[in-house]
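**Student:**
In the working numbering, the protein residues as written are 257 to 1415.
#1: If you run the structure through DSSP and keep just helix, strand and coil, what is residue 289?
#2: Using the C-alpha atoms, what's the distance from residue 867 back to residue 820?
#3: In terms of residues, what are the limits of the beta strand (DSSP E) holding residue 786?
#4: For residue 1155, which beta-bridge partners are listed by DSSP?
#5: If you draw a straight line from the alpha carbon of residue 780 to that of residue 875, how long is it in whole angstroms?
#6: List the endpoints of the continuous alpha helix (DSSP H) containing residue 535.
#7: Can you give me the C-alpha to C-alpha distance between residue 524 and residue 428, rounded to a whole angstrom?
#8: Between 1021, 340 and 1281, which lies nearest to residue 314 when the distance is taken from Cα to Cα?
#9: For residue 910, tell me which candidate among 827, 707, 664 and 837 has the shortest Cα-Cα distance.
#10: Since residue 729 is in the beta strand (DSSP E), which residue starts that stretch and which ends it?
#11: Any beta carbon of chain B sitting closer than 8 Å to that of residue 847?
#12: Can you list, in chain order, the residues of its chain with a C-beta nearer than 6 Å to that of residue 1339? Leave out the 5 residues immediately preceding and following it.
#13: On a CA-only basis, which of 337, 637 and 304 is nearest residue 317? Give me that one, please.
#14: When we look at the beta-carbon of residue 1271 and count the other beta-carbons within 10 Å, is it buried (16 or more) or exposed?
#15: For the alpha helix (DSSP H) that contains residue 1014, what are its first and last residues?
#16: Alpha carbons only, please: which of 917, 451 and 1054 is nearest the one belonging to residue 500?
#17: Could you say which of 423, 422, 288 and 1090 lies nearest to residue 1204 if we only look at CA atoms?
#18: Is it right to say residue 1243 is buried, meaning 16 or more other beta carbons lie within 10 angstroms of its own, or is it exposed?
#19: Quick one: what does DSSP say residue 294 is sitting in, helix, strand or coil?
#20: Exposed or buried, residue 924, counting other C-beta atoms within 10 Å across all chains shown (16 or more means buried)?
#21: Leaving aside the five residues before and after residue 379 along the sequence, list all residues of the same chain whose C-beta is less than 8 Å from its C-beta, in chain order.
#22: From residue 304 to residue 272, what distance separates their C-alpha atoms?
#23: Which runs of the alpha helix (DSSP H), 4 residues or longer, sit entirely within the segment 1091-1139?
#24: CB residue 1083 to CB residue 882, shorter than 8 Å?
#25: Suppose contacts are defined by Cβ-Cβ distances below 8 Å. Is residue 669 in contact with residue 302 by that definition?
#26: What does DSSP give as the partner residue(s) for residue 1150 in the beta ladder?
#27: Give me the Cα-Cα distance between residue 1161 and residue 1318, rounded to the nearest whole angstrom.
#28: Identify which residue in 398, 1194, 330 and 900 has its Cα closest to the Cα of residue 1085.
#29: So, at 7 Å on beta carbons, what are the nonlocal neighbours of residue 895 in its own chain, with the 5 sequence-adjacent residues on each side left out?
#30: Nearest-angstrom Cα distance between residue 921 and residue 817?
#31: So residue 672 and residue 687 are in contact, right, with Cβ under 8 Å, and what is the actual spacing, rounded?
#32: Is the beta carbon of residue 737 less than 8 Å from the beta carbon of residue 292?
#33: I'd like the span of the beta strand (DSSP E) that includes residue 906, first residue to last.
#34: Unbroken alpha helix (DSSP H) runs of length 4 or more, entirely within the segment 567-609: which are they?
#35: Whole angstroms is fine: what's the gap from residue 785's alpha carbon to residue 648's?
#36: So who's on the other strand from residue 413, going by DSSP bridges?
And the structure:
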């Protein structure tokens, strides 16, 4: 650093150059930009402060030197002294000496020649006679950052990326947390993923949870406790006050509202979690915080180890919380009273002494957060992931946060990091982050940089450096403009490589924008992976770069959090959004983006065509693909997977078809909900999501690496641990007996001695059902019985009264026909191409050849011809989903989407009235062509079947949009429907409708004559109850997911299984159900094993509980089968029930299972 006298004799430009501040630079477009003197003066002042640097050490010994492993290291510096001295080199933190010798001198120079075989690490070099605190930190760094050996040996991995807050689950508290992350590890590992990428998890500002940007943190050395999974904290089980708080009706209502919100309500989430965490802290402080107790000893050891980093952060948060409570305008330490701005000052020390508990509470939150994050990383690696968690390190910190308060002397306060003007930000960018002063960072021997790397590498397998150019140069900006400032690249790269190898943590550098060739060379030589979004990988003509031409040492992605999702890109949603937010300088810029995007769509399709990846039925004309269908998503990621890039990252927003991007740069939360949008799919649902499975299969086919993780069987618990009911009370839920009614009765039942509520099925059943055995949706509650809140209140009341609940479930069949079972309707629409074609027990190749691939539906009240010509069977167009359906009284039959062009060929389209309407005619014509090119229902190809279902959904949505916008189209549709529906009394007018019906995936027949031809297994001979193929894993998971979640959350104690004897393999079913129940209960932290009862219709009997010996009486309609499932007759799937079984008319509307209150 220049001395004050020397600075006074130099021009401001020369002062700046000596400090590494550029007085000119080349901008994005190559033009040389001259930096104004005002900018230079501000940058020099911010870097130098008062101009008084640290005094030189003894004999001028430098404070730090970085050498490379295997090279001869010489510490050399200018020195005008002539005295001699011995030097000594010791290993840092261990203290043992590795070398010593005499200081060498030549003309105005001193040198220390070190041994050539020093191992990588940190050393302390001291001179004899120097003050004790003076030393040179010698950093011997490896040449490369860590890379997983399998990648170096040729494997190519893939993983998924997500913002942790965006994860949702059935048990979250309104925000994704470390528990959800652990569950995502399972979903990813089961598909063969090697990593999960996360946006920064840095500590933000607890007093202002709405400040949600993870790239403007209070500290990068601490975690954000809002991600704590409070539900699974060990403390919760031992703190009665916390248990009562969480289980209270009011608190559960708050959690339900937070959970159901589309956006993260940061204030509501933070308040809910802090209320419980403060209760848990008081309990921990009173009962656990002791060196003689295990958890207390671990926490005290953590405090000692992290006092200089996490301890000072905890002090900041406690002090900020205290001052903010007094004055809500205190936003950060620059707004604090003067006496608190010095972290080492007497006022701060006095506060720490009188607020020990408050400071320790913040320390404790960091300990809990780190324990849970470490658990997630360890779990991911044990599940076979090659990397595990891939975390993100922000380029800077907020000027009012903990890091700048603790180390304010290291920051160039008054300047902000940013970026010069470029196409995405024509006026440049100011990120609001004060940068490190490179001189002061070096004077601190790079300890702040080392601490930051350690804090972020400690619990992950890869770390992304946001704006990696900051290792070499950073754009500083202020009120007068900006310029570049140089940083010691080689030395920082050395520190990075050393910490990377020590933590076995790979490094990815975000190298977008204007990156100097020197930086790219350093990354390539140091094994830093480049960050390569598809949207930026272009050839000189603007086309997308071929996969073979991509850089191998890279992470390939489609987009980033600051760019549109794949669907948003395809639909141009980001351009329209930017226009609405007035982010373009003028209308011409907006129009230019629209035109460029139109070209980019064609370019992308051409790139896919070159790789033979064009989705089936799609051409290189963008009009052939109105929306981003799943086949397009699969094709784009297959394109990425074919690159030689070591890693490929999949945005989960692309998997779920999210339109809007995560963050819109240049906007604040009052203009756009940045960093708030949740995924549309739960973590539990992702595991069975067909889109996720399809994309994962594509990536596995193109990439090498870990195989999908198989589900290992779990050992069953001992019978003695089972939670066996002592006295049950049967409740028949229906419209007249709801959750609310039973909640009011629970105290009375408790007084009777009832231990368990025995509940009839209450998943969504057919409207008006009095028994609940005709379930139509296994993922929803029956709205006639109550909603999620009412159900939660009932379960809480049971827990408060020490009671359990056994739920009756129906795995054998579902209610079908009519118009309310979405799975069944999907089968009718797509036939064998439906994802639920194998959900129901359908004979797709019956004896009658004309029924191959079709389902016979015995629903008509007369012969088909009579029903048709009477006008009782009618074609309708539903404008909201954009689909055609056939209606017959209460029944609704979807029409094959490939038939849509046939329907609209009944009449010619009306002529266009102007050019604008002509354009819409062309779009509609292209859409109808797309409908016609959908794969057939009986296409043997699995990919073709999947694309049919997914594309048709997108096309119907597009048809709905077009019909709502264009009156001519809605009139045309109405006229065609009217023509097809014929005129009673004119038989020929129904010919076209008859032809349309004959091409569908079903045959409509008279219910009185069709029973012998029905080709789906029924419950007895009840046409409206169709059998399920529970032996299929995906069917089991889809039908049991909700119930298993209730078990996980402790809402159920056990299950009663209705008619397992109707299943193909009852024993296999129970062998699958028991471990699944055990896994869910393990997640809920319950040591008691759930009870499972299974029944079959039989004669009355009295059985004894095998554990308690108490009697359980059942009525004539049911008997408890305590014997194992293997004792049952193994049944094969049949079309209908065998003769001699009870008539469906005798099926009871309720079933009882009661014991005396006092056995």
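Cβ atoms here follow ideal geometry from the backbone N, Cα and C, with glycine treated the same way.
**Tutor:** The relevant details are as follows:
#1: Reading the chain shown from its first residue, position 33 is the one you call residue 289. Annotated three-state conformation of residue 289 is strand, per DSSP.
#2: Your numbering for residue 820 matches position 564 in the chain shown. Your numbering for residue 867 matches position 611 in the chain shown. If you take the alpha carbons of residue 820 and residue 867, they lie about 24 Å apart.
#3: Counting from 1 along the chain shown, the entry for residue 786 is found at position 530. Per DSSP, residue 786 belongs to the beta strand (DSSP E) from 785-789.
#4: Indexing the chain shown from 1 puts residue 1155 at position 899. DSSP output for residue 1155 lists no bridge partner at all.
#5: Here residue 780 refers to the residue found at position 524 when the chain shown is read from its first residue. Here residue 875 refers to the residue found at position 619 when the chain shown is read from its first residue. Roughly 38 Å separates the two Cα atoms.
#6: As a position in the chain shown, residue 535 is number 279, starting the count at 1. Residues 522-543.
#7: Here residue 524 is taken as the residue at index 268 of the chain shown, counted from 1. Here residue 428 is taken as the residue at index 172 of the chain shown, counted from 1. The straight-line gap from Cα to Cα measures roughly 13 Å.
#8: As a first step, residue 314 must be located in the chain shown, where it is residue number 58. Taking the Cα of residue 314 as reference, the smallest distance to any Cα among 1021, 340 and 1281 is reached at 340.
#9: Here residue 910 corresponds to residue number 654 of the chain shown, with the count starting at 1. Taking the Cα of residue 910 as reference, the smallest distance to any Cα among 827, 707, 664 and 837 is reached at 827.
#10: If you number the chain shown from 1, residue 729 lands on position 473. Where residue 729 is concerned, the enclosing beta strand (DSSP E) stretches over 729-734.
#11: The structure shown contains no chain B, having only a single protein chain.
#12: Here residue 1339 refers to the residue found at position 1083 when the chain shown is read from its first residue. Since pLDDT at residue 1339 reaches only 40, below the 50 mark, its modelled position is unreliable, and the value read off the structure follows with that caveat. Excluding positions up to five away in sequence, the list reads 1304.
#13: Taking the first residue of the chain shown as position 1, residue 317 is located at position 61. Nearest of 337, 637 and 304 to residue 317, Cα basis: 337.
#14: Against the chain shown, residue 1271 aligns to sequence position 1015. Burial call: buried.
#15: As a first step, residue 1014 is located in the chain shown; it is residue number 758 there, counting from the start. Element bounds for residue 1014: not the alpha helix (DSSP H) but the beta strand (DSSP E), 1012-1015.
#16: In the chain shown, counting from the first residue as 1, residue 500 sits at position 244. Of the candidates 917, 451 and 1054, the residue whose Cα lies closest to the Cα of residue 500 is 1054.
#17: Your numbering for residue 1204 matches position 948 in the chain shown. Residue nearest to residue 1204 within the set 423, 422, 288 and 1090 is 1090 (criterion: CA-CA distance).
#18: For this step, residue 1243 is matched to residue 987 along the chain shown. So residue 1243 counts as exposed.
#19: Translated into positions along the chain shown, residue 294 becomes position 38. In the three-state DSSP reduction, residue 294 falls in the helix class (H, G or I).
#20: Counting from one through the chain shown, the residue named residue 924 turns up at place 668. Counting Cβ neighbours within 10 Å, residue 924 comes out exposed, since fewer than 16 surround it.
#21: Within the chain shown, the letter at position 123 stands for residue 379. Residues 345, 346, 347, 348, 354, 393, 394, 395 and 396 of the same chain have their beta carbon placed closer than 8 Å to that of residue 379, with the five preceding and five following residues left out of the count.
#22: For the purposes of this step, residue 304 is identified with residue 48 of the chain shown, where counting begins at 1. For the purposes of this step, residue 272 is identified with residue 16 of the chain shown, where counting begins at 1. Rounded to the nearest whole angstrom, the C-alpha separation of residue 304 and residue 272 is 10 Å.
#23: Complete alpha helix (DSSP H) runs here, min 4: 1120-1125.
#24: Translated into positions along the chain shown, residue 1083 becomes position 827. Translated into positions along the chain shown, residue 882 becomes position 626. Result no, Cβ atoms of residue 1083 and residue 882 do not sit closer than 8 Å.
#25: Within the chain shown, residue 669 is the residue found at index 413, counting from 1. Within the chain shown, residue 302 is the residue found at index 46, counting from 1. Less than 8 Å divides the Cβ of residue 669 from the Cβ of residue 302.
#26: Looking up residue 1150 in the chain shown gives position 894. Beta-bridge pairing links residue 1150 to 1141.
#27: Along the chain shown, one-based indexing puts residue 1161 at 905. Along the chain shown, one-based indexing puts residue 1318 at 1062. Between residue 1161 and residue 1318, the alpha-carbon positions lie close to 46 Å from each other.
#28: Locating residue 1085 in the chain shown gives position 829, where the first residue counts as 1. With distances taken between Cα atoms, residue 1085 lies closest to 1194.
#29: By 1-based counting over the chain shown, the position of residue 895 is 639. Shown here for residue 895: same chain residues with a beta carbon closer than 7 Å to its own, the five before and five after excluded, namely 803, 863, 864, 867 and 869 in chain order.
#30: Working through the chain shown from its first residue, we reach residue 921 at position 665. Working through the chain shown from its first residue, we reach residue 817 at position 561. Taking the straight line from one Cα to the other gives about 10 Å.
#31: For the purposes of this step, residue 672 is taken as the residue at position 416 of the chain shown. For the purposes of this step, residue 687 is taken as the residue at position 431 of the chain shown. The beta-carbon distance between residue 672 and residue 687, rounded to whole angstroms, is 6 Å. This is short enough to meet the 8 Å contact definition.
#32: Reading the chain shown from its first residue, position 481 is the one you call residue 737. Reading the chain shown from its first residue, position 36 is the one you call residue 292. In this structure, residue 737 lies near residue 292, with their beta-carbon atoms less than 8 Å apart.
#33: For the purposes of this step, residue 906 is identified with residue 650 of the chain shown, where counting begins at 1. Residues 903-907.
#34: If we require 4 residues or more, the alpha helix (DSSP H) runs fully inside the segment 567-609 come out as 568-582.
#35: As a working note, residue 785 is residue 529 in the chain shown. As a working note, residue 648 is residue 392 in the chain shown. Using only the alpha carbons, I get a separation of about 13 Å.
#36: Locating residue 413 in the chain shown gives position 157, where the first residue counts as 1. Answer is 903.
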